[in-house]
Every structure is written in structure tokens, then in C-alpha cells.
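Note sheet for the following structure.
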């Protein structure tokens, strides 16, 4: 059994995944692999090359072209590090949260039982946080917040998670 740990931090936009993950990485002296930063320059270049908005992270085309590749980059980098350092991976993992076999798939892949954190908070708190961070990628969400909430409903994990309400 590896002395290293694997933490997966999940949840919707604005719930505080990156903030929570940074504190978790410090606590465990872990490598931090955040989907918002690890692949950002490559994704932006790919979006521009494909004639898409470099801010797009929600369209069906983005998800078809980039979503799985972004996650695979995180997982391959985690695998390279887990032999000698704990790892915290950050991403929404919306589809994966609905797969009751996902924790076992992660354990099989990495040879270590993952600790999965699922962060939530009230939609109004999420909206305020997204507004405050001022990231251009969030503009589409903020232009029609009600539509965003309808199209990106809160995912109910299909397995046991460490649930954290970051709004309280």
C-alpha cells in the first residue's frame, strides 16, 4: 500500500473546489492538479484553432473535443506522481459522479483508494463567488444565471462521498 493519498475534489462551478483543494494539498503536502489551470493554455489554443471561443467550457463541442482529454491529462499526471507524493485532483467530474463504479475504477487505475470530496453550496452563493472571481470563462453563466442553473443541475453522487457544504 502506497503511503501517498489520492484526493478528488468535485462539485459545480463556484462551490469552492480550488480553494478547498489548495488547503487539502497543503495539509497533505500533495501535488495540486486543478483542471482550471493544468491544461488551460493548451485548451485555449485548441479552442482558438478550432474556431471556438477561448472562454468556452460548457458547449457540447467543448465537451466533445476537450473534456475527456483534460481529465486524462490530470489522471496521467497524477499517476506519474503517486509513487512519491500525494495528489489532489480538482474538477467537476459531473458524468463520473453518476457512475457508481467510478471509485473502484479509480482504485484499479491508481492502486490506491481515492478519497472523494463533493462540495456544494446554495446557488446564490455560487453566483456571487463566480461574479467575484471575474473569470472571463464565467460570463456565459452569469449572463443568464437561471438558464445555467437549469442546464447544469446539481449532480447527486451515485456513491459514498465526503460531502462538504462550503456556503456555511
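In the working numbering, the protein residues as written are 682 to 849.
For each residue, glycine too, the CB sits at the ideal point set by N, CA and C.
Alpha carbon to alpha carbon, how far is residue j from residue i? Give it in angstroms, no decimals.
i	j	result
residue 769	residue 700	12 Å
residue 711	residue 743	29 Å
residue 730	residue 724	10 Å
residue 749	residue 833	18 Å
residue 818	residue 848	22 Å
residue 801	residue 694	9 Å
residue 740	residue 686	33 Å
residue 851	residue 726	Residue 851 lies beyond the stretch modelled for the chain, which goes from 682 to 849, so this question has no answer here.
residue 690	residue 836	14 Å
residue 733	residue 747	12 Å
residue 799	residue 827	22 Å
residue 788	residue 778	15 Å
residue 754	residue 720	8 Å
residue 728	residue 804	28 Å
residue 811	residue 713	21 Å
residue 751	residue 722	11 Å
residue 825	residue 780	29 Å
Kindly indicate the opening and closing residues of the alpha helix (DSSP H) around residue i.
i	result
residue 700	698-708
residue 829	826-832
residue 803	That residue, residue 803, is in no alpha helix (DSSP H); it is neither H nor E in DSSP.
residue 787	783-791
residue 748	That residue, residue 748, is in no alpha helix (DSSP H); it is neither H nor E in DSSP.
residue 691	From DSSP, residue 691 is part of no alpha helix (DSSP H) but of the beta strand (DSSP E) over 687-692.
Which word fits residue i, buried or exposed, when buried means at least 16 other C-beta atoms lie within 10 angstroms of its C-beta?
i	result
residue 829	buried
residue 767	buried
residue 773	buried
residue 738	buried
residue 831	exposed
residue 707	exposed
residue 815	exposed
residue 765	exposed
residue 844	exposed
Pop quiz: residue i and residue j are said to be a contact at Cβ under 8 Å. What is the actual Cβ separation, rounded to whole angstroms?
i	j	result
residue 702	residue 715	6 Å
residue 698	residue 771	5 Å
residue 696	residue 807	6 Å
How would you write the range of the beta strand (DSSP E) that residue i sits in, first residue to last?
i	result
residue 771	768-771
residue 713	712-715
Any contact of the stretch 811-826 with the stretch 752-759, i.e. 3+ C-beta pairs under 8 Å?
no
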